[in-house]
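Colleague: First the structure, which I've put down as structure tokens, then a few questions once you've had a look.
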Amino acid sequence: MTDTNGSPILQVQDLYAGYLDFDILHGVNLDVHPGEIVCVIGPNGAGKSTVFRAVYGLISVRLGHVIFDGAEITNFKPQDVLRSGIAIVPQLRSVFPQMTVHENLEMGMFLEKNKARIAERIDVVYGLFPRLGERSKQQVGTMSGGEQRMLEIGRALLLEPKLLMMDEPSAGLAPSITRQIFNHIRSLNDEIGLTILMIEQNARQGLEVSDRGYVLELGVNTYEGTGQGLIDDPEVRRAFLGGH
Amino acid sequence: MSEFVQAVINGVMLGGFYAAMMLGFSVIWGVMHVINLAHGEFIMVGAYLTWFLNKEYGWEPFAAIIVVAPVMFLLGYVLQKVLINRVVDRPHLVSLLVTFGLSIIIANVLKLVFTADSRITESSATGFWTVSEDITIPITKSVVLALALVIMISLYLFLQRTKTGKSIRAAAQNKQAARIVGIDIDKIYAITFGICIAITGVAGTMISPIQAIAPFQGPPLTLRAFTITALAGLGSIPGALMGGLTLGLLESFIGIYVDKIGTNLAIVASFALLVVILVTRPQGLFGGLRTDEEPQPL
Chain A
0 MTDTNGSPIL
10 QVQDLYAGYL
20 DFDILHGVNL
30 DVHPGEIVCV
40 IGPNGAGKST
50 VFRAVYGLIS
60 VRLGHVIFDG
70 AEITNFKPQD
80 VLRSGIAIVP
90 QLRSVFPQMT
100 VHENLEMGMF
110 LEKNKARIAE
120 RIDVVYGLFP
130 RLGERSKQQV
140 GTMSGGEQRM
150 LEIGRALLLE
160 PKLLMMDEPS
170 AGLAPSITRQ
180 IFNHIRSLND
190 EIGLTILMIE
200 QNARQGLEVS
210 DRGYVLELGV
220 NTYEGTGQGL
230 IDDPEVRRAF
240 LGGH
Chain B
0 MSEFVQAVIN
10 GVMLGGFYAA
20 MMLGFSVIWG
30 VMHVINLAHG
40 EFIMVGAYLT
50 WFLNKEYGWE
60 PFAAIIVVAP
70 VMFLLGYVLQ
80 KVLINRVVDR
90 PHLVSLLVTF
100 GLSIIIANVL
110 KLVFTADSRI
120 TESSATGFWT
130 VSEDITIPIT
140 KSVVLALALV
150 IMISLYLFLQ
160 RTKTGKSIRA
170 AAQNKQAARI
180 VGIDIDKIYA
190 ITFGICIAIT
200 GVAGTMISPI
210 QAIAPFQGPP
220 LTLRAFTITA
230 LAGLGSIPGA
240 LMGGLTLGLL
250 ESFIGIYVDK
260 IGTNLAIVAS
270 FALLVVILVT
280 RPQGLFGGLR
290 TDEEPQPL
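Residue numbers (numbering that gives the first Met the number 0), protein chains in the order written: chain A, 0 to 243; chain B, 0 to 297.
Encoded structure:
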């Protein structure tokens, strides 16, 4: 699906951001093209999640630009980033535990006014994730971690985002569940052409399903390449993939 | 026997009022993790507003709700926007100090404006229904109980059925997730604070014809709100009713069966109850609004 020749849908240009007066990112650059899965890897503390938060307006950008679909969205509020077409699945649980699966999905359509459209989109998501359909009446707090992650991804797709951003989709999940989630991500990309930017601690598995990847170290990106290219790169292997 | 029945009647009426009186306190705590120590003072603001309309314009106290509710909503909305919002993500101590400061300011402003004299409003709904020779049902308190039930049911339906209500519950359960789905947290917090202060002010309207009001009568009410929240769990409306009734009946029985010091002992009882619950069952007796222990870091 890689199409690096077309113009990118998301451009992060020379981004400086952090907390209070302290920058964690010192000039991050990355592009995501339509239809791609792009994975950002790097050691703990490299600023991977900070990139995610800065793009989504959860922390403020001090310098640099975030350009999405041809328009500047730097320092937009989260709800405005969402309106412009980026949905996110954060690392920490982002479900409403005391609501049912169905209510969670309704909340996911918070910005949509048209009731018929809400019902229609929820049906589409039940089609993509039949497991959620079976459990529509269940309280989300009682479901497994993997099911809750599926719900988060399903909910993110409700608004038909042009880009889905995921912060460590494998966080807190057993290896077998992680594999299921990654396979699902890959098939969403194949089936509905979903463009995905993910941050992943689990570098090898993340890169395996990705078209391209970036390596982030100490707040700047140091390597980039195709997913397989980075896995094969001796430097990257030695530093980030356990050396074999 | 009739003494017992009378104690139950009084206790239920008091308990119903307590349940409605503490809703605002409990929902603010449950949704935005702010413990509003000025809760009792907001009740007094509502009570004085009602007294003013009653005294100056001869309004029926209960009719004053149509003024008190919107005015208090606005007050809450603005206070949250300009003040509480700045401390909402800080440690609990900060919001405790801010609301404690607010309570002192409000009580003293009330004293300046209305003097320290006790006031009471006059409702035309007075008198008693006589059930038997020595069992009576006070009419004013019945109206208060009915209003309390209406408020609880309305708030419950609002939180369960409406989009804004669902957003409030969502914000309470997972603030980050609420942001992600596009809920404007600042706005939801301001609306929540507005609604809660409106209910709290209306509780002032409800208390004004049945109990003398004075500028410094807020704290015992805040204490009771604390006790019932501990009984009920945060933001749980059925829990509020159960907790309110428990405290109301307890106070009523102590008042009737303990000679002379009964009424004073009642407030001691409420404090003792709070301590016992906090030690034995800190999560409350009847469940609550949320599972989140702390606001998640963003």
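Even glycine gets a Cβ: it sits at the ideal position worked out from N, Cα and C.
If I'm right that residue 216 (chain A) touches residue 26 (chain A) with Cβ under 8 Å, what's the distance once you round it to whole angstroms?
Modeller: Position 217 of the first sequence, counted from the start, is the residue given in the question as residue 216 (chain A). Position 27 of the first sequence, counted from the start, is the residue given in the question as residue 26 (chain A). Not a contact, Cβ separation roughly 12 Å.
Colleague: Cβ of residue 131 (chain A) less than 8 Å from any chain B Cβ?
Modeller: Position 132 of the first sequence, counted from the start, is the residue given in the question as residue 131 (chain A). It does not: the Cβ of residue 131 (chain A) has no partner Cβ on chain B nearer than 8 Å.
Colleague: Beta-carbon separation of residue 36 (chain A) and residue 188 (chain A) under 8 Å?
Modeller: Along the first sequence, one-based indexing puts residue 36 (chain A) at 37. Along the first sequence, one-based indexing puts residue 188 (chain A) at 189. Closer than 8 Å, so yes.
Colleague: On the three-state DSSP scale, how would you describe residue 146 (chain A)?
Modeller: If you number the first sequence from 1, residue 146 (chain A) lands on position 147. Residue state, collapsed to three classes: helix.
Colleague: Enumerate in chain order the residues of its own chain whose CB-to-CB distance from residue 213 (chain B) is below 7 Å, with the five nearest sequence positions on each side excluded.
Modeller: Translated into the one-based positions of the second sequence, residue 213 (chain B) becomes position 214. Once the five neighbours on either side are set aside, the close Cβ partners of residue 213 (chain B) are 115 and 117.
Colleague: Check whether the Cβ of residue 106 (chain A) lies closer than 8 Å to any Cβ atom in chain B.
Modeller: Against the first sequence, residue 106 (chain A) aligns to sequence position 107. Interface residue, yes.
Colleague: Relative to the alpha-carbon of residue 226 (chain A), which residue among A:211, A:237, A:47 and A:59 has its alpha-carbon at the smallest distance?
Modeller: Position 227 of the first sequence, counting from 1, holds the residue named residue 226 (chain A). Ranking A:211, A:237, A:47 and A:59 by Cα distance to residue 226 (chain A) puts A:211 first.
Colleague: According to DSSP, what are the bridge partners of residue 12 (chain A)?
Modeller: Here residue 12 (chain A) refers to the residue found at position 13 when the first sequence is read from its first residue. A:64.
Colleague: Would the beta-carbon of residue 24 (chain A) fall within 8 Å of that of residue 17 (chain A)?
Modeller: Sequence index remark: in the first sequence, residue 24 (chain A) carries index 25 (1-based). Sequence index remark: in the first sequence, residue 17 (chain A) carries index 18 (1-based). Yes, these two residues count as a Cβ contact at 8 Å.
Colleague: Please report the Cβ distance between residue 120 (chain B) and residue 53 (chain B), rounded to the nearest whole angstrom; I am assuming they are in contact, meaning their Cβ atoms lie under 8 Å.
Modeller: Stepping through the second sequence from its first residue, residue 120 (chain B) is reached at position 121. Stepping through the second sequence from its first residue, residue 53 (chain B) is reached at position 54. 4 Å between Cβ atoms; contact.
Colleague: Which partner residues of residue 25 (chain A) appear in the DSSP bridge assignment?
Modeller: For the purposes of this step, residue 25 (chain A) is taken as residue 26 along the first sequence, with counting starting at 1. Residue 25 (chain A) is bridged to A:15.
Colleague: Quick one, are the C-beta atoms of residue 11 (chain B) and residue 244 (chain B) less than 8 Å apart?
Modeller: Looking up residue 11 (chain B) in the second sequence gives position 12. Looking up residue 244 (chain B) in the second sequence gives position 245. Cβ atoms of residue 11 (chain B) and residue 244 (chain B): closer than 8 Å.
Colleague: By the 10 Å Cβ neighbour count, where 16 or more other Cβ atoms means buried, how is residue 218 (chain A) classified, buried or exposed?
Modeller: Looking up residue 218 (chain A) in the first sequence gives position 219. Classification for residue 218 (chain A): buried.
Colleague: Beta-carbon within less than 6 Å of residue 134 (chain B)'s beta-carbon, same chain only, minus the 5 sequence neighbours each way: which residues are those?
Modeller: Here residue 134 (chain B) refers to the residue found at position 135 when the second sequence is read from its first residue. So the list reads 1, 4 and 5, once near-sequence residues are dropped.
Colleague: Would you list the residues sitting across from residue 211 (chain A) in a DSSP beta bridge?
Modeller: Along the first sequence, one-based indexing puts residue 211 (chain A) at 212. BP columns for residue 211 (chain A) point to A:37 and A:225.
Colleague: Once DSSP output is grouped into helix, strand and coil, what is the label at residue 85 (chain A)?
Modeller: As a working mapping, residue 85 (chain A) is identified with position 86 in the first sequence. Reduced to three states, the DSSP call for residue 85 (chain A) is strand.
Colleague: Report yes or no: do the segment 70–85 of chain B and the segment 182–199 of chain B share at least 3 C-beta pairs separated by less than 8 Å?
Modeller: Taking 8 Å as the limit for Cβ pairs, the verdict is that the segment 182–199 of chain B does touch the segment 70–85 of chain B.
Colleague: What's the call for residue 2 (chain A), buried or exposed, on a 16-neighbour Cβ count within 10 Å?
Modeller: One-based indexing of the first sequence puts residue 2 (chain A) at position 3. Legend: pLDDT at residue 2 (chain A) = 49, less than 50; position of this residue unreliable, value from coordinates given subsequently. By the 10 Å Cβ count, residue 2 (chain A) comes out exposed.
Colleague: Rounded to a whole number of angstroms, what is the C-alpha to C-alpha distance between residue 234 (chain B) and residue 68 (chain A)?
Modeller: Stepping through the second sequence from its first residue, residue 234 (chain B) is reached at position 235. Stepping through the first sequence from its first residue, residue 68 (chain A) is reached at position 69. Rounded to the nearest angstrom, the two C-alpha atoms are 42 Å apart.
Colleague: Check the Cβ-Cβ distances between residue 79 (chain B) and every residue of chain A, and say whether any is below 8 Å.
Modeller: Walking along the second sequence from the start, residue 79 (chain B) turns up at place 80. With 8 Å as the cut-off, residue 79 (chain B) does not count as an interface residue toward chain A.
Colleague: Check the Cβ-Cβ distances between residue 183 (chain B) and every residue of chain A, and say whether any is below 8 Å.
Modeller: The residue labelled residue 183 (chain B) in the question sits at position 184 within the second sequence. Closer than 8 Å: yes.
Colleague: CA-CA distance, residue 46 (chain A) and residue 29 (chain A)?
Modeller: Locating residue 46 (chain A) in the first sequence gives position 47, counting from the first residue. Locating residue 29 (chain A) in the first sequence gives position 30, counting from the first residue. For residue 46 (chain A) and residue 29 (chain A), the distance between alpha carbons rounds to 14 Å.
Colleague: Does residue 165 (chain B) come within less than 8 Å of chain A when only Cβ atoms are used?
Modeller: To locate residue 165 (chain B), count along the second sequence from 1; it is residue 166. Chain A contact via Cβ: present.
Colleague: In angstroms, rounded to a whole number, what distance separates the CA positions of residue 50 (chain A) and residue 206 (chain A)?
Modeller: Position 51 of the first sequence, counted from the first residue, corresponds to residue 50 (chain A). Position 207 of the first sequence, counted from the first residue, corresponds to residue 206 (chain A). Going by the C-alpha atoms only, they are around 18 Å apart.
Colleague: Assuming contact is defined by CB atoms lying nearer than 8 Å, are residue 194 (chain A) and residue 138 (chain A) in contact in what I supplied?
Modeller: Locating residue 194 (chain A) in the first sequence gives position 195, where the first residue counts as 1. Locating residue 138 (chain A) in the first sequence gives position 139, where the first residue counts as 1. No, these two residues do not count as a Cβ contact at 8 Å.
Colleague: Would you mind working out which of B:236, B:205 and B:262 sits nearest residue 63 (chain B), comparing C-alpha positions?
Modeller: Locating residue 63 (chain B) in the second sequence gives position 64, counting from the first residue. That would be B:205, whose Cα lies nearest to the Cα of residue 63 (chain B).
Colleague: Is residue 300 (chain B) helix, strand or coil by DSSP?
Modeller: This structure cannot speak to residue 300 (chain B), because chain B is shown only from 0 to 297.
Colleague: What three-state label does DSSP hand residue 233 (chain A) in the structure shown?
Modeller: What you label residue 233 (chain A) is simply residue 234 of the first sequence in a count that begins at 1. Note: residue 233 (chain A) maps to helix in three-state DSSP.
Colleague: Counting C-beta neighbours from all protein chains within 10 Å, is the total for residue 11 (chain A) 16 or more, i.e. buried, or is it exposed?
Modeller: Against the first sequence, residue 11 (chain A) aligns to sequence position 12. Buried, because 16 or more other Cβ atoms sit within 10 Å of the Cβ of residue 11 (chain A).
Colleague: For chain B, find out if any of its Cβ atoms is closer than 8 Å to the Cβ of residue 160 (chain A); answer yes or no.
Modeller: Stepping through the first sequence from its first residue, residue 160 (chain A) is reached at position 161. For residue 160 (chain A), the answer is no, since every Cβ of chain B falls outside 8 Å of its Cβ.
Colleague: Taking Cβ to Cβ, would you say residue 264 (chain B) is nearer than 8 Å to residue 257 (chain B)?
Modeller: Taking the first residue of the second sequence as position 1, residue 264 (chain B) is located at position 265. Taking the first residue of the second sequence as position 1, residue 257 (chain B) is located at position 258. Yes; because the gap between Cβ atoms is below 8 Å, this pair is in contact.
Colleague: Can you round the beta-carbon distance between residue 191 (chain A) and residue 168 (chain A) to whole angstroms, since I take them to be within the 8 Å contact cut?
Modeller: Within the first sequence, the letter at position 192 stands for residue 191 (chain A). Within the first sequence, the letter at position 169 stands for residue 168 (chain A). Between residue 168 (chain A) and residue 191 (chain A) the Cβ distance is about 17 Å, and since that is not below 8 Å, they are no contact.
Colleague: Whose Cβ in chain A lies nearer than 8 Å to the Cβ of residue 172 (chain B)?
Modeller: Here residue 172 (chain B) corresponds to residue number 173 of the second sequence, with the count starting at 1. Result: 95, 96, 97 and 98.
Colleague: Residue range of the alpha helix (DSSP H) that residue 142 (chain B) falls in?
Modeller: Counted from its first residue, the second sequence places residue 142 (chain B) at position 143. Counting along the chain, the alpha helix (DSSP H) containing residue 142 (chain B) begins and ends at 138–160.
Colleague: Can you find a CB in chain A that lies within less than 8 Å of the CB of residue 179 (chain B)?
Modeller: The count along the second sequence starts at 1 and reaches residue 179 (chain B) at position 180. Cβ-Cβ to chain A under 8 Å: yes for residue 179 (chain B).
Colleague: Between the beta-carbon of residue 87 (chain A) and the beta-carbon of residue 155 (chain A), is there less than 8 Å?
Modeller: Translated into positions along the first sequence, residue 87 (chain A) becomes position 88. Translated into positions along the first sequence, residue 155 (chain A) becomes position 156. Taking 8 Å as the Cβ cut-off, residue 87 (chain A) and residue 155 (chain A) qualify as a contacting pair.
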